[in-house]
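S.K.:
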Amino acid sequence: MSWDGLLGSGVTLTDSPAESARFGVGMSRLTVGWDARPGGPITGDGLMESVAREVTDLLRTDPAEVVVVRYPAESLVLAAAVARSGRQVLAAGSLTYWSAAASEVSGPPPAAGLKVETLSRVTDEADRVAVVDAVVADSFSGYGNHYAANPLLDREAALEGYQEWARRSALSNPDDALVLVLDGRVVGLATLLDSEAPDAHVEVLLAGLTTAAQGQGRYGTLLAGVAQVAGARGRRDVVISTQSHNIRVQRAWARHGLRPFAAVETVHAVRAGAIT
Ligand SMILES: CC(C)(COP(=O)(O)OP(=O)(O)OC[C@H]1O[C@@H](n2cnc3c(N)ncnc32)[C@H](O)[C@@H]1OP(=O)(O)O)[C@@H](O)C(=O)NCCC(=O)NCCS
Numbered sequence: 010m011s012w013d014g015l016l017g018s019g020v021t022l023t024d025s026p027a028e029s030a031r032f033g034v035g036m037s038r039l040t041v042g043w044d045a046r047p048g049g050p051i052t053g054d055g056l057m058e059s060v061a062r063e064v065t066d067l068l069r070t071d072p073a074e075v076v077v078v079r080y081p082a083e084s085l086v087l088a089a090a091v092a093r094s095g096r097q098v099l100a101a102g103s104l105t106y107w108s109a110a111a112s113e114v115s116g117p118p119p120a121a122g123l124k125v126e127t128l129s130r131v132t133d134e135a136d137r138v139a140v141v142d143a144v145v146a147d148s149f150s151g152y153g154n155h156y157a158a159n160p161l162l163d164r165e166a167a168l169e170g171y172q173e174w175a176r177r178s179a180l181s182n183p184d185d186a187l188v189l190v191l192d193g194r195v196v197g198l199a200t201l202l203d204s205e206a207p208d209a210h211v212e213v214l215l216a217g218l219t220t221a222a223q224g225q226g227r228y229g230t231l232l233a234g235v236a237q238v239a240g241a242r243g244r245r246d247v248v249i250s251t252q253s254h255n256i257r258v259q260r261a262w263a264r265h266g267l268r269p270f271a272a273v274e275t276v277h278a279v280r281a282g283a284i285t
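For the sequence shown, the positions run 10 to 285 when our numbering is used.
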């Protein structure tokens with residue numbers, strides 16, 4: 010989930026028709042803004058209690074079979090607020106958000122045959138689709154995202170969803186997708202979201218290397234390419250996120266100068282009795 014999508018202090022509930030169609034299960038998303046947390050900028054007496062009541066009420070009345078709930082990990086009282094709705098509650102992992110000033114992201118010196126370019130340099134549309142699909146299918150096939158916590162949701166459909174999302178974000182603006190090219194073959198992909206306000210940053214929505222290209226320090230070249238794009242656009246920071254269990258990528262981020270700044274819980278609130 011993009012960092013911009015978590016800003017604010019409100020509670021939002023939205024239908025998710027694309028996910029509902031993909032999984033054949035009615036789905037919606039409930040998100041509690043990052044500012045609604047103890048010690049947050051606007052937390053006064055009673056704020057967390059009123060947020061908790063709103064969460065419970067919305068979950069009780071929403072007709073969706075599965076509600077994907079996200080809230081600041083510090084807002085621990087919201088766990089009980091979800092449970093009070095009477096729904097079955099599945100812990101689906103937490104997201105950690107990391108960032109660095111674009112000027113502070115350190116990459117390795119460019120290795121021979123390795124370069125980063127925008128997807129727009131791949132001129133044929135069909136080739137672009139093939140490149141995005143191939144890299145995502147290979148690098149994310151075993152990735153345990155939040156869908157994997159829910160037995161009502163098909164694993165294959167989850168990977169297809171990832172591919173579709175990557176395809177949409179990469180192809181809608183090929184200047185906002187970077188590919189890592191090794192000896193003329195694409196071995197990595199990063200899709201970007203350019204955010205102008207309130208604090209200018211470039212967010213990496215999704216990034217991965219094909220399995221054969223991993224474990225050799227090449228990811229740092231892709232990250233350095235992202236930082237270069239952010240700097241060239243006058244954006245101050247690079248922001249990126251993953252599931253907290255994805256230790257491997259967080260080791261890489263630490264190596265290249267990024268630091269964690271936020272954690273967000275994900276739970277699936279499932280209609281009572283749906284999981285037996
Ligand atoms: C995230 C991902 C790109 C990281 O790839 P990676 O190959 O592990 O990362 P690097 O290119 O930095 O390689 C670093 C590893 O290679 C090893 N290595 C070998 N030669 C190296 C070299 N010359 N320089 C640096 N590292 C080297 C390092 O020891 C390191 O392993 P370690 O962290 O266990 O010590 C890859 O795991 C991936 O695509 N995962 C699936 C998608 C994903 O999870 N994306 C993140 C969420 S969007």
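Cβ coordinates follow ideal geometry from the N, Cα and C atoms, glycine included.
(1) Is serine 148 near ligand 1, going by C-beta to nearest heavy atom under 6 Å?
(2) When you compare the CB positions of serine 11 and leucine 104, do they come within less than 7 Å of one another, or not?
(3) For threonine 65, report the span of its alpha helix (DSSP H) as first-last.
(4) Would you mind reading off the limits of the alpha helix (DSSP H) that contains alanine 236?
(5) Answer with buried or exposed for arginine 79, where buried requires no fewer than 16 other C-beta atoms within 10 angstroms of its C-beta.
(6) Between which two residues does the alpha helix (DSSP H) holding glutamine 252 run?
(7) Could you tell me whether any non-hydrogen atom of ligand 1 is closer than 6 Å to the CB of arginine 137?
(8) If you scan the stretch 117-186 from start to end, which runs of the beta strand (DSSP E) of 3 or more residues do you find wholly inside it?
(9) Are the CB atoms of serine 84 and arginine 46 nearer to each other than 7 Å?
(10) Does the Cβ-Cβ distance between valine 141 and alanine 175 come in under 7 Å?
(11) Report the option in Ser108, Leu87 and His254 whose CA atom is closest to the CA atom of alanine 209.
(12) What is the rounded straight-line gap between the Cα of serine 112 and the Cα of glutamate 274?
(13) Do you know whose CA, among Val276, Ile284 and Val248, lies nearest phenylalanine 270's CA?
(14) Using the three-state DSSP reduction, which class does serine 94 fall into: helix, strand or coil?
(15) Report the three-state DSSP secondary structure of threonine 285 (helix, strand or coil).
(16) Select from Ser178, Met57 and Ala167 the residue whose C-alpha is nearest the C-alpha of arginine 137.
(17) Mind checking whether the beta-carbon of glycine 237 lies closer than 6 Å to any heavy atom of ligand 1?
(18) Which value, in whole angstroms, describes the spacing of the CA atoms of threonine 219 and valine 188?
(19) Do alanine 166 and arginine 280 have their CB atoms nearer than 7 Å?
(20) When you compare the stretch 124-135 with the stretch 249-264, are there three or more beta-carbon pairs, one atom per stretch, that lie closer than 8 Å?
(21) Quick one, are the C-beta atoms of glycine 42 and glycine 17 less than 7 Å apart?
(22) For ligand 1, any of its heavy atoms closer than 6 Å to the Cβ of glutamine 223?
(23) Could you check whether the stretch 261-270 touches the stretch 220-237, counting it as contact only if at least three pairs of C-beta atoms, one from each stretch, sit closer than 8 Å?
M.R.: For this structure:
(1) yes
(2) The answer is no: Cβ separation not under 7 Å.
(3) 56-70
(4) Segment 228-241, the alpha helix (DSSP H) holding alanine 236.
(5) buried
(6) Premise fails: glutamine 252 lies in the beta strand (DSSP E), 246-252, not in any alpha helix (DSSP H).
(7) Taking 6 Å as the cut-off, the C-beta of arginine 137 does not count as close to any heavy atom of ligand 1.
(8) 123-127
(9) yes
(10) yes
(11) Ser108
(12) 30 Å
(13) Ranking Val276, Ile284 and Val248 by Cα distance to phenylalanine 270 puts Val248 first.
(14) Of the three classes helix, strand and coil, the one that applies to serine 94 here is coil, per DSSP.
(15) Coil at threonine 285, not helix or strand.
(16) Ser178
(17) The displayed chain sequence assigns glutamine, not glycine, to residue 237. Not under cutoff, so the answer is no.
(18) Straight-line Cα distance between these residues: approximately 11 Å.
(19) no
(20) no
(21) Taking 7 Å as the cut-off, the Cβ atoms of glycine 42 and glycine 17 count as close.
(22) yes
(23) yes
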